[in-house]
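A.B. asks: What follows is a single structure, and I will ask about it in a moment.
Protein chains in written order, with our numbering: chain A, 1 to 235; chain B, 236 to 482; chain C, 483 to 701; chain D, 702 to 745.
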């Protein structure tokens, strides 16, 4: 019996299994589309009320897109781990023998896909509400930026979401832990998006160095997360 | 009973000596910093804040380095010991204290010299992020669970912070160089230090480092005591638990 | 096969919060046994099972499960046991089939094994494609058991497995456990359903005030 | 002179908060010290 038993899934298979599972749950539960997206859009509208000037709005549109993304990310992370915690699935994951790197990558991947959807909607909202301009080259830069930035956010989110998953007061602990860490993402993604939108006459070419920062961030936290997630899950 | 009236719980003759030297040093530092040392040509009297501010900031960074190193020592199997975890925790607590202090003294100094409490200079911004990060670290330490659970969790977090800080610093610096307004942090900072001023600053760093060692030793021992108290409570609780079946 | 028993606990102490839930438990379970854990609420049965699953830390004492030391190597224990706790560990938005397949695949089960597990708990027909959130408590329990079957564990740890199940479900459960034990698995069951579990178990032990009292073999 | 308040303030903040922290550490360790006798402390 025991020789049969050790054929548990590889890192890649586990990652795919978890990502597909999380995305399927989201497709059925529709928490992102029915709750998080409307929240993000309301935030965008509220910014417009607070800033109350077309010129200012146009100038700060890239920052607002990413700020709204950041706040919404916190909800998506919380949801991602509420799914595991509500019926003891976390204990089953711990006893499954599935490699923790696979669990990390799977959850991060599902998170990243959801955040990408969120960013696309918010960029469209910025174009409509704040009259941001988007050229063809700008579009390429923006897509690449969105992939790198959401990758970084998803890695950090999964890491700290897993850390605070079982903790009391996790609703307030999560923002305290996550927000300082993702400051480079906010800075990098905002600058890159400014170039993509051509805000203040910044050329598209100036945005690419920021992409380097975002990519380094995503890779660093992706690798670290895959290594460290096991000891966070290992309660 | 003697233990209840005991005053010096976490002290040894070494820490007592260290404490006396530190207190004397602080006294000397205050006298030198506030009265004896001259005003600076550029900064005027505000340079006196530096004697408290610079050592404080130095200390906070030292403390966070110690936290990182002892967290790694805890995670490394061959040196796994709760002592490392307690040193990490004690050091982070002291670090947060000194970082908070130097943020306040720094902005008081900035108000005099630059006319503003805060500027988005890379060093300042990184410091603020460092402060918030370690406040979060202390919050995670307070989450509860078993001692090793606490240790493992917070050690991973401390190492993540080590990863985070250069990234934050680098991105803020990049952000700042592209910023439209010229950085205010460059102005008014040129100090032509004469011998006494340099000595005061040097003394400050030494005295604060001694104070750091003193604080971490005591805090670390206090943490060890608290852990031991919990374990002693366990013996009584075990006896009570076993007695349940009689009822 | 080495004669190392699957579960050996020596003076095991487990603390949750500041409370010693297990206050020096001693227990040895031999391979192929079905051990019934009896005892009042709050005696520590659930904690005992979670300890054996490698999910909680041993504060004092020693424990070996499936040859792995609980103090140093809990991770190795974990992926060789199957735990059914009070919670079912199911995702309410997924269907019965998706849940069982997910848990089966995390341990590398094949499609055929997953289908067999569903059939074993009579979930392969009408219920297979219904979301868990639409099921009754008993049907959820059945699904959790099917997921457990798909995991092919060496040590089965069940916490009140009969709860919520109807008569047919209980019979199926008993049959599943008997077959698993025959195939070489070791089983520990915490239950209040003494009559039913009593006929199933090969031995019963009593858990009282965080300690384990061996009540000897049942013939 | 305006600056004097700032300078004194920064010294008071620095050494005041250190003193408060020291007091809290001492208080906590004294409370714990009632339970743990001298012989059980590894540093004595």
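Virtual Cβ for every residue (Gly too), placed ideally from N, Cα, C.
Distance check for residue 347/B and residue 422/B, CA to CA, integer angstroms please.
C.D. replies: Residue numbering aside, residue 422/B sits at position 187 when the second chain is read from its first letter. Residue numbering aside, residue 347/B sits at position 112 when the second chain is read from its first letter. Its pLDDT being 47, under 50, residue 422/B is placed unreliably by the model, and the measurement read from it follows with that caveat. Linking residue 422/B to residue 347/B through their CA atoms gives a straight-line distance of about 12 Å.
A.B. asks: Pull up the distance between the alpha-carbon of residue 506/C and that of residue 543/C, whole angstroms please.
C.D. replies: By one-based count along the third chain, residue 506/C stands at place 24. By one-based count along the third chain, residue 543/C stands at place 61. Distance between the alpha carbons of residue 506/C and residue 543/C: 7 Å.
A.B. asks: In whole angstroms, what separates the C-alpha of residue 443/B from that of residue 343/B?
C.D. replies: Against the second chain, residue 443/B aligns to sequence position 208. Against the second chain, residue 343/B aligns to sequence position 108. Going from the Cα of residue 443/B to the Cα of residue 343/B covers about 20 Å.
A.B. asks: Taking just the CA atoms, how far does residue 513/C sit from residue 483/C?
C.D. replies: Numbered from 1 along the third chain, position 1 holds the residue referred to as residue 483/C. Numbered from 1 along the third chain, position 31 holds the residue referred to as residue 513/C. Note that residue 483/C has pLDDT 47, beneath the 50 cutoff, so the model's placement of it is unreliable and the number below is only indicative. Cα to Cα, the separation comes out at about 10 Å.
A.B. asks: Which residue wins for smallest C-alpha separation from residue 741/D, given the options 244/B, 340/B, 430/B and 406/B?
C.D. replies: By one-based count along the fourth chain, residue 741/D stands at place 40. Cα-wise, what sits closest to residue 741/D is 244/B.
A.B. asks: For chain A, is any of its Cβ atoms less than 8 Å away from the one on residue 374/B?
C.D. replies: As a working mapping, residue 374/B is identified with position 139 in the second chain. Proximity of residue 374/B to chain A, defined by a Cβ-Cβ separation below 8 Å, is satisfied.
A.B. asks: Identify whether residue 478/B lies in helix, strand or coil by the three-state DSSP scheme.
C.D. replies: Residue mapping note: residue 478/B aligns to position 243 of the second chain, counting from 1. Three-state result, residue 478/B: helix.
A.B. asks: Can you pull the DSSP bridge partners for residue 670/C?
C.D. replies: As a first step, residue 670/C must be located in the third chain, where it is residue number 188. Partner(s): 517/C and 639/C.
A.B. asks: For the alpha helix (DSSP H) that contains residue 92/A, what are its first and last residues?
C.D. replies: In the first chain, the residue the question calls residue 92/A occupies position 92. Where residue 92/A is concerned, the enclosing alpha helix (DSSP H) stretches over 89 to 94.
A.B. asks: Using the beta-carbon of each residue, which ones in chain B are nearer than 9 Å to residue 500/C?
C.D. replies: For this step, residue 500/C is matched to residue 18 along the third chain. Neighbours of residue 500/C on chain B, chain order: 465, 468, 469 and 472.
A.B. asks: Whole angstroms is fine: what's the gap from residue 548/C's alpha carbon to residue 562/C's?
C.D. replies: Taking the third chain and counting its residues from 1, one reaches residue 548/C at position 66. Taking the third chain and counting its residues from 1, one reaches residue 562/C at position 80. Rounded to the nearest angstrom, the two C-alpha atoms are 8 Å apart.
A.B. asks: Can you find a C-beta in chain C that's less than 8 Å from the C-beta of residue 106/A?
C.D. replies: Translated into positions along the first chain, residue 106/A becomes position 106. Judged by the 8 Å Cβ criterion, residue 106/A is not in contact with chain C.
A.B. asks: Residue 313/B versus chain C: which residues are under 7 Å apart at the beta carbon?
C.D. replies: Working through the second chain from its first residue, we reach residue 313/B at position 78. The premise fails here: residue 313/B is roughly 13 Å from chain C at the closest Cβ pair, so nothing lies under 7 Å.
A.B. asks: Suppose the cutoff is 7 Å on Cβ atoms and the five residues either side in sequence are ignored; what does the same chain contact list for residue 144/A look like?
C.D. replies: Within the first chain, residue 144/A is the residue found at index 144, counting from 1. Same-chain partners within the cutoff: 211.
A.B. asks: Can you tell which of 281/B, 479/B, 364/B and 259/B has the C-alpha that lies nearest to the C-alpha of residue 269/B?
C.D. replies: For this step, residue 269/B is matched to residue 34 along the second chain. Looking at the Cα atoms, 281/B is the closest of the given residues.
A.B. asks: Please work out which residues of its chain come closer than 6 Å, Cβ to Cβ, to residue 360/B, disregarding the five sequence neighbours upstream and downstream, and give them in chain order.
C.D. replies: Reading the second chain from its first residue, position 125 is the one you call residue 360/B. Cβ within range, chain order: 407.
A.B. asks: Along the chain, where does the beta strand (DSSP E) containing residue 549/C start, and where does it finish?
C.D. replies: Mapped onto the third chain, residue 549/C falls at position 67. Unbroken run through residue 549/C: none, as it is neither H nor E.
A.B. asks: Distance check for residue 436/B and residue 279/B, CA to CA, integer angstroms please.
C.D. replies: One-based indexing of the second chain puts residue 279/B at position 44. One-based indexing of the second chain puts residue 436/B at position 201. Approximately 16 Å between the Cα atoms of the pair.
A.B. asks: Between the stretch 554 to 583 of chain C and chain A, which residues of the former have CB atoms less than 8 Å from a CB of the latter, in chain order?
C.D. replies: Closer than 8 Å at the C-beta level to chain A, one finds these residues of the stretch 554 to 583 of chain C: 556, 557, 560, 561, 562, 563, 564, 565, 567, 568, 569, 570, 571, 572, 573, 574, 575, 576 and 580.
A.B. asks: Applying the criterion that 16 or more other CB atoms from any shown protein chain within 10 Å of the CB defines a buried residue, is residue 272/B buried or exposed?
C.D. replies: Within the second chain, residue 272/B is the residue found at index 37, counting from 1. Answer is buried; the Cβ neighbour count reaches 16.
A.B. asks: Using a 10 Å radius around the Cβ and a threshold of 16 neighbouring Cβ atoms, would you call residue 311/B buried or exposed?
C.D. replies: Counting from one through the second chain, the residue named residue 311/B turns up at place 76. Looking at its Cβ environment, which holds fewer than 16 other Cβ atoms inside 10 Å, residue 311/B is exposed.
A.B. asks: Which of the residues in the stretch 521 to 535 of chain C, read from start to end, lie with their CB under 7 Å from any CB of chain A?
C.D. replies: Result list: 535.
A.B. asks: Quick one: using the 10 Å Cβ neighbour count with 16 as the cut-off for buried, is residue 255/B buried or exposed?
C.D. replies: For the purposes of this step, residue 255/B is taken as the residue at position 20 of the second chain. With fewer than 16 other Cβ atoms within 10 Å, it is exposed.
A.B. asks: Near residue 151/A, what residues of its chain come up, given a Cβ to Cβ distance below 6 Å and the 5 sequence neighbours on each side ignored?
C.D. replies: Counted from its first residue, the first chain places residue 151/A at position 151. Answer for residue 151/A: 112 and 218, listed in chain order.
A.B. asks: Could you compute how far the alpha carbon of residue 447/B sits from the alpha carbon of residue 370/B?
C.D. replies: Counted from its first residue, the second chain places residue 447/B at position 212. Counted from its first residue, the second chain places residue 370/B at position 135. Going by the C-alpha atoms only, they are around 18 Å apart.
A.B. asks: Alpha helix (DSSP H) containing residue 588/C: first to last residue?
C.D. replies: Position 106 of the third chain, counted from the start, is the residue given in the question as residue 588/C. For residue 588/C, the enclosing alpha helix (DSSP H) stretches over residues 578 to 588.
A.B. asks: Can you tell me which of 27/A, 157/A and 196/A puts its alpha carbon nearest to the alpha carbon of residue 123/A?
C.D. replies: The residue you call residue 123/A lines up with position 123 of the first chain. Nearest to residue 123/A by C-alpha distance, out of 27/A, 157/A and 196/A, is 196/A.
A.B. asks: May I have the straight-line CA-CA distance separating residue 221/A from residue 405/B, to the nearest angstrom?
C.D. replies: For the purposes of this step, residue 221/A is identified with residue 221 of the first chain, where counting begins at 1. For the purposes of this step, residue 405/B is identified with residue 170 of the second chain, where counting begins at 1. Looking at the two C-alpha atoms, the distance is approximately 16 Å.
A.B. asks: Helix, strand or coil: how does DSSP classify residue 570/C here?
C.D. replies: Your numbering for residue 570/C matches position 88 in the third chain. DSSP places residue 570/C in coil when its eight states are reduced to three.
A.B. asks: Report the CB separation of residue 500/C from residue 477/B in whole angstroms; it is logged as a contact under 8 Å.
C.D. replies: Translated into the one-based positions of the third chain, residue 500/C becomes position 18. Translated into the one-based positions of the second chain, residue 477/B becomes position 242. Between residue 477/B and residue 500/C the Cβ distance is about 16 Å, and since that is not below 8 Å, they are no contact.
A.B. asks: Beta-carbon within less than 8 Å of residue 2/A's beta-carbon, same chain only, minus the 5 sequence neighbours each way: which residues are those?
C.D. replies: Taking the first residue of the first chain as position 1, residue 2/A is located at position 2. Residue placement at residue 2/A cannot be trusted, given a pLDDT of 40 that sits under 50; what the coordinates show is reported in the next sentence. Hits under 8 Å: none found.
A.B. asks: Please report whether the beta-carbon of residue 730/D lies at a distance below 8 Å from any beta-carbon of chain B.
C.D. replies: What you label residue 730/D is simply residue 29 of the fourth chain in a count that begins at 1. Judged by the 8 Å Cβ criterion, residue 730/D is in contact with chain B.
A.B. asks: Beta carbons nearer than 8 Å to chain C: which residues of the stretch 380 to 397 of chain B have them?
C.D. replies: 381, 383 and 384
A.B. asks: What are the start and end residues of each continuous alpha helix (DSSP H) run of 4 or more residues lying completely inside the stretch 268 to 339 of chain B, in chain order?
C.D. replies: 282 to 310
A.B. asks: For the alpha helix (DSSP H) holding residue 686/C, just list the boundary residues, first then last.
C.D. replies: On the third chain, position 204 is the one that residue 686/C refers to. Segment 685 to 690 is the beta strand (DSSP E) holding residue 686/C; no alpha helix (DSSP H) there.
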